[in-house]
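Under numbering that gives the first Met the number 0, residues 0 to 223 are what the sequence shown spells out, in order.
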Amino acid sequence: MIAIRMIIEIIIFIVMMGMSIKIRQNKIKRTRKITLIRIFGTIMFLVIVPYVGAFPVENLFITFKSPEQALAYEVWPMSKIKVDKIIEGEASCLVIEKKEKHGNIRYETEYFKKVPDGYKFPGNHDVKAKNITGTSLIVEYVKGTKDYYLSGVKMTECADDIVDIKDNLGTSFVQTSEKVGHYKDIEAYDQAYYGYMYDITNDYKIYLEGQTYELPFDVDSFSN
């Protein structure tokens, strides 16, 4: 997607430059030419280019049939994809991608919005995140929906360790294990966990490894 976005921005730049050249060639007073060129430049760099990033232009003409198809487009032409897990929300989904290189495994996540015919990209500012103070717990909200996601990570010395994570909504959490290093005979693993919650309220509670955590922020603040 990055490559295609760059192509779009280059096309916009060429169009704007072409218009600028035409202005210079036309029989217009010099001062007016300069003013028009400045206006075009301002529109391009302050309006068009940032808008391309904030609002995925692909959403205007592409609807993906599946999260896998959307992710493949997202990473093209860099590499092939391997989807490990998909967490389905009501109006969005979280895709956990598994990447393997030189025997090492790592995971990355991507959000996609659901539409009647498939899936589309969220804008750069459509997913907001807030941290629960003193923990690795992160609550994310997908703008324009009632979808919330909880994620976190715990470092352990065993790849098979299971994180004891629950909440007061009965959320089903999924977990990934990623080796992050070793020292002498000790290996370190990041045990990451993810869960989906619908329309949470301020009384939402998380139970992690025997500890209870409440939201240190107002849920409505996600909309601000």
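Think of the CB as a built atom: it goes at the ideal place given N, C-alpha and C, for glycine as much as any other residue.
I'd like to confirm the pairing. Which residues does DSSP put opposite residue i in its beta bridges?
i    : result
A158 : Paired residue(s): none; A158 is not in a bridge.
L149 : V138 and G194
T175 : A191
S91  : K112
I86  : L93
E57  : Paired residue(s): none; E57 is not in a bridge.
E73  : Answer by DSSP bridge pairing: none, since E73 is not bridged.
E107 : E96
F63  : Y118
K183 : DSSP output for K183 lists no bridge partner at all.
D166 : I205
Evaluate residue i with the Cβ neighbour count: other Cβ atoms within 10 Å of its Cβ, from every protein chain shown; 16 or more gives buried, anything less gives exposed.
i    : result
K100 : exposed
E73  : buried
T132 : exposed
I185 : exposed
Residue j and residue i - do their beta-carbons sit closer together than 7 angstroms?
i    : j    : result
K112 : F221 : no
L70  : E109 : yes
Y193 : I86  : yes
V138 : S91  : no
Y148 : L207 : no
S176 : Q190 : yes
D146 : E89  : yes
F54  : Y118 : no
L136 : G151 : yes
N201 : F120 : no
Quick check: what's the CA-CA separation for residue i versus residue j?
i    : j    : result
Q210 : V162 : 12 angstroms
V173 : M154 : 16 angstroms
G122 : P66  : 16 angstroms
D198 : E213 : 16 angstroms
N223 : I61  : 29 angstroms
D217 : D166 : 17 angstroms
P115 : Y195 : 20 angstroms
K84  : Y182 : 30 angstroms
A187 : E96  : 21 angstroms
G180 : W75  : 29 angstroms
K81  : Y203 : 33 angstroms
T144 : C157 : 37 angstroms
I205 : K129 : 14 angstroms
D125 : G102 : 34 angstroms
K98  : D219 : 35 angstroms
P215 : K79  : 39 angstroms
T164 : T134 : As written in the sequence, residue 164 is Ile, which differs from the Thr given in the question. Each residue's alpha carbon lies about 13 angstroms from the other.
Is any beta-carbon of chain D found at less than 7 angstroms from that of residue i?
i    : result
K129 : Of the protein chains in the structure, only one exists, and it is not chain D.
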